[in-house]
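With our numbering, letter number 87 in the sequence shown gets 105, and the count goes up by one each step, no holes. C-beta atoms are modelled at their ideal positions from N, C-alpha and C, and glycine is treated no differently.
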Amino acid sequence: MWEVLSTLHRLQSRGGRWQYAAWHRATRAELHAAGLARPVRRMLFALYPLGPYLPDFLTPAAAEDGLTAGLDDILRLPRRDVLAELRLLDRVRAVPPWALRLVQDAERREFTELIRRYHAVAVAPYTEHMVGGIVAHRGLLGRALLARGVEGLLSSLGPRVRWRRPVLEVEYRTDRDLYLRGRGIRIVPTWFSWGTPVALADAGLPPTLSYPLTRPAVPEAELPEAGVPLRALLGSTRARVLRCVADGLTTGELAQAAGISLSAASRHATVLRDAGLTTSQQIGPMVLHTLTPLGAGLLRQVREAAGLPGRPRGPGVS
Numbered sequence: 019m020w021e022v023l024s025t026l027h028r029l030q031s032r033g034g035r036w037q038y039a040a041w042h043r044a045t046r047a048e049l050h051a052a053g054l055a056r057p058v059r060r061m062l063f064a065l066y067p068l069g070p071y072l073p074d075f076l077t078p079a080a081a082e083d084g085l086t087a088g089l090d091d092i093l094r095l096p097r098r099d100v101l102a103e104l105r106l107l108d109r110v111r112a113v114p115p116w117a118l119r120l121v122q123d124a125e126r127r128e129f130t131e132l133i134r135r136y137h138a139v140a141v142a143p144y145t146e147h148m149v150g151g152i153v154a155h156r157g158l159l160g161r162a163l164l165a166r167g168v169e170g171l172l173s174s175l176g177p178r179v180r181w182r183r184p185v186l187e188v189e190y191r192t193d194r195d196l197y198l199r200g201r202g203i204r205i206v207p208t209w210f211s212w213g214t215p216v217a218l219a220d221a222g223l224p225p226t227l228s229y230p231l232t233r234p235a236v237p238e239a240e241l242p243e244a245g246v247p248l249r250a251l252l253g254s255t256r257a258r259v260l261r262c263v264a265d266g267l268t269t270g271e272l273a274q275a276a277g278i279s280l281s282a283a284s285r286h287a288t289v290l291r292d293a294g295l296t297t298s299q300q301i302g303p304m305v306l307h308t309l310t311p312l313g314a315g316l317l318r319q320v321r322e323a324a325g326l327p328g329r330p331r332g333p334g335v336s
């Protein structure tokens with residue numbers, strides 16, 4: 019549901035337009051082909067606006083169990099809660115009259131079905147990319163946690179989030195303080211978000227912070243043609259290095275796994291990173307190498323062409 023929100027903001031804003039250019043072109047075309055362009059503009063844009071406030075019921079915690087669970091949670095929400103959040107939205111952006119009818123079961127069911135159809139076009143086809151990025155990010159956070167504890171993890175959430183003990187400072191749309199009071203906080207990295215993080219507006223709800231994954235500032239690339247042997251494309255040693263990176267390894271671990279020297283591992287990792295097949299991130303004294311969705315897709319194509327079982331285990335696979 020957070021990705022639904024983020025993609026709708028990508029369609030309403032020029033923020034990240036270059037980085038998501040291929041997605042933007044394909045999604046606009048698919049929405050028109052499916053007859054969804056007009057209802058998305060009329061209904062979803064109205065309730066997912068760019069601005070200082072978004073209704074919390076559109077990003078329910080139940081959605082961690084899947085889209086259907088999230089939509090069912092919207093359908094179960096008491097009418098008074100839906101109406102209260104719509105009135106809050108109306109204070110900062112005029113809510114169209116039809117939106118107030120979402121307190122009725124039939125209208126709300128129609129609205130959630132539109133979200134489902136939109137998700138099928140704009141989000142679901144990119145699940146592999148999203149999961150890949152989140153798996154890589156989770157690996158980085160795990161390494162940070164092991165190396166430097168919780169404070170190391172909180173210091174690794176991206177350039178817009180800063181840990182200054184005992185406060186987690188976040189670049190945000192409005193000036194606000196959120197006191198956890200022992201409740202903890204759920205962090206939700208999102209693939210399609212761009213710019214400042216987003217938190218639930220109601221301080222009484224379980225604290226949640228959605229923030230953008232750190233992505234390389236390069237346009238989306240295309241995969242090589244299917245069936246191209248990896249060894250012929252990269253050379254035997256570099257192909258082996260790419261396969262090893264699927265596990266998410268530091269430079270030292272990569273050298274050991276590939277059976278090469280530390281300097282050679284660093285050199286091959288640099289070439290693969292420059293080609294957009296891997297990404298590297300500093301965690302304390304270590305550099306962790308993981309696959310990009312492009313690299314994971316290349317390995318998957320090679321394995322499928324060779325009739326090998328299984329998938330690369332790194333980013334880009336669900």
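Here G202 is exposed: its Cβ has fewer than 16 other Cβ atoms, across all protein chains shown, within 10 Å.
Close CB contacts of R191 within its chain, under the 7 Å cut and outside five residues either way in sequence, are with P70, T214 (chain order). Remark: C-beta atoms of G34 and W209 do not approach each other more closely than 8 Å. When secondary structure is reduced to three states using DSSP, Q300 falls in the strand class. Sorting G266, A282, L29 by C-alpha distance to the C-alpha of T296 places G266 at the top. Nearest in C-alpha terms to V100, of all of G88, A117, P230, is A117. Contact check for F75 against L95 passes: the beta carbons are separated by less than 8 Å. Here the alpha carbons of L290 and A154 stand approximately 16 Å from one another. Comparing alpha carbon positions, the residue from A80, R56, W36 closest to T226 is A80. Contact annotation: the stretch 132-147 touches the stretch 21-28, with at least three C-beta pairs closer than 8 Å.
By the Cβ rule, the stretch 49-59 counts as touching the stretch 122-136, because three or more pairs are nearer than 8 Å. Here L93 is exposed: its Cβ has fewer than 16 other Cβ atoms, across all protein chains shown, within 10 Å. Straight-line measurement puts the Cα of T269 at about 43 Å from the Cα of L89. Straight-line measurement puts the Cα of G151 at about 19 Å from the Cα of L26. A273 places its beta carbon 8 Å or farther from that of A264.
Bridge partners of H307 according to DSSP: L267, S298. The Cβ neighbour count for R256, taken over all protein chains shown within 10 Å, is at least 16; the residue is labelled buried. Assignment of alpha helix (DSSP H) within the stretch 56-98, counting only whole runs of 4 or more residues, yields 85-94 in chain order. Taking C-beta atoms as the reference points, L306 and Q299 count as a pair closer than 8 Å. Selection E271, S281, R204 evaluated against T77 yields R204 as nearest (Cα-Cα).
Taking 8 Å as the cut-off, the Cβ atoms of L171 and L186 do not count as close. Contact between G313 and L260 holds: CB atoms are separated by about 6 Å, below the 8 Å threshold. With fewer than 16 other Cβ atoms inside 10 Å of its own Cβ, Y197 counts as exposed.
Rounded to whole angstroms, the gap between the alpha carbons of L164 and R180 is 19 Å. Of the candidates R182, D220, S174, R183, the residue whose Cα lies closest to the Cα of R194 is D220. If you check the CB distance, W41 and Y144 come in under 8 Å.
For L132, the enclosing alpha helix (DSSP H) stretches over residues 123-140. Rounded to the nearest angstrom, the Cβ distance from L104 to L120 is 7 Å, consistent with a contact under 8 Å.
Note on geometry: alpha-carbon atoms of D83 and S281 lie some 44 Å from one another. Non-local beta-carbon contacts of R111 in its own chain, meaning distances under 7 Å to residues more than five positions away in sequence, involve P67, G69 in chain order.
When DSSP states are grouped into helix, strand and coil, R111 belongs to the coil group.
Taking C-beta atoms as the reference points, E146 and P311 count as a pair closer than 8 Å. A Cβ-Cβ separation of about 18 Å leaves P73 out of contact with L85 under the 8 Å criterion. Sixteen is the threshold: since fewer than 16 other Cβ atoms of the shown chains lie within 10 Å of the Cβ of P224, the residue is exposed.
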